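**Student:**
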Amino acid sequence: MQPSWKPIWETESGRQCAMVLRLENVVAGYDEGGDVLKGVNLEVEKNSITCIIGPNGAGKSTVLRSISGLLKPRIGSITFQDRAIAGMKPRQILALGIVQVPQNHSLFNDMTVRENIRLGGYLLRDSSLVARRLQELEELFPLIKERANDRAGDLSGGQQRTVEIARGLMLDPALVLLDEPSLGLAPKVLKQVLATATQLREMGKTVLLVEQNARSALHISTHGVVMESGRVRLTGSSQEILHNPEIGHLYLGGSLSSHTSQDDATNSVELPVRTSDTQEMP
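Once you know that position 260 of the sequence shown is 260 in the UniProt record's numbering, the rest is easy, because the numbers rise by one and skip nothing.
1. Identify every residue that forms a DSSP beta bridge with Asp35.
2. Measuring CA to CA, which of Gly184, Glu138, Ile117 and Gln100 is closest to Thr62?
3. By a C-beta neighbour count over all protein chains shown, 10 Å radius and 16 as the cutoff for buried, is Thr198 buried or exposed?
4. Quick one: grab the DSSP three-state call for Arg74.
5. Confirm, please, whether the CB-CB distance from Ile67 to Ile52 is below 8 Å.
6. Please report the straight-line C-alpha distance between Ala195 and Asp126, rounded to a whole angstrom.
7. Could you pull out every residue in the same chain whose Cβ sits closer than 7 Å to the Cβ of Leu190, ignoring the five residues on either side in sequence?
8. Given a threshold of 16 other Cβ atoms within 10 Å of its Cβ, counted over all protein chains shown, does Asn244 qualify as buried or as exposed?
9. Name the DSSP beta bridge partners of Gly57, please?
10. Give the range of the alpha helix (DSSP H) segment to which Ser216 is assigned.
11. Rank Val113, Asn109, Glu24 and Met19 by C-alpha distance to the C-alpha of Gln81 and give the top, closest one.
12. With 16 other CB atoms within 10 Å as the buried threshold, where does Ser221 fall?
13. Could you please give the first and the last residue of the uninterrupted beta strand (DSSP E) stretch that includes Gln100?
14. On the premise that Gly69 lies in contact with Lys89, defined as a C-beta separation below 8 Å, what is that separation, rounded to the nearest angstrom?
15. Kindly indicate which three-state DSSP category Met19 falls into: helix, strand or coil?
16. Give the range of the alpha helix (DSSP H) segment to which Gly157 is assigned.
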């Protein structure tokens, strides 16, 4: 039976793009509670940065947990590189090339920076490969080499986030899920952390990003996704989302692209409901 979707889609410019990830009618929730995701449809282009924005409780982080296997969808399908992964265990999904960097602090404070990063390669049985990956990360992130023997707990919040991302790269994933990477960080550190997402794309990786600082995140993204009440309400290029007057008014009282504040008023918005939740990214 032929799949109901094509892994290749075409942009407005006519350029064909490979789809690395697709969620179709995904419904998910926690324990005996109600559904948090209520039929999510989402496509992620290979070697892109796709940013999911929306108010608290929209289901943004739940989307990432469903993809990484930390939460099993109740209904729907998740396809990664033409392979169905919904219901797989996190370890299996990790081995396929999907890494999630959680929003909460996940380093071992009393271990060194190098020791924390080495933990990211626990699936690698070749010690020489582990050493080579670690060396590559030290070259990519000078901080790793400079602070390699320091306690992780002695690093600043932004530095710790960099180490967490580097640890996720030990397995050389194809898809990196970043959940609120700037959470709890000072505004001046925001650009530094988001710049890491750009670095990942330059390395040929695909990034799916959930971020509370909508304007800043969209500026470094290629695509934007707006969620509300467990559903995808709007998708498009990041520039389309930035210049959408409805979204700009609901979020910041003006255009997302021109507002200078670092604050993101995503806690109390109600996004416009589209007639279809299956709209594809242009």
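We treat Cβ as the ideally placed atom computed from N, Cα and C, and that holds for glycine. Treat the numbers as computed from the prediction; the structure is a model and nothing was measured.
**Tutor:** In short, the structure shows the following:
1. Gly29
2. Scanning Gly184, Glu138, Ile117 and Gln100 for the CA closest to the CA of Thr62 turns up Gln100.
3. So Thr198 counts as exposed.
4. coil
5. no
6. Those two C-alpha atoms are separated by around 31 Å.
7. Ser182, Asn213, Ser216 and Gln262
8. buried
9. Beta-bridge pairing links Gly57 to no other residue.
10. Ala214 to His219
11. Met19
12. buried
13. First-last of the beta strand (DSSP E) with Gln100: Ile98 to Val101.
14. 6 Å
15. strand
16. Gly157 to Gly168
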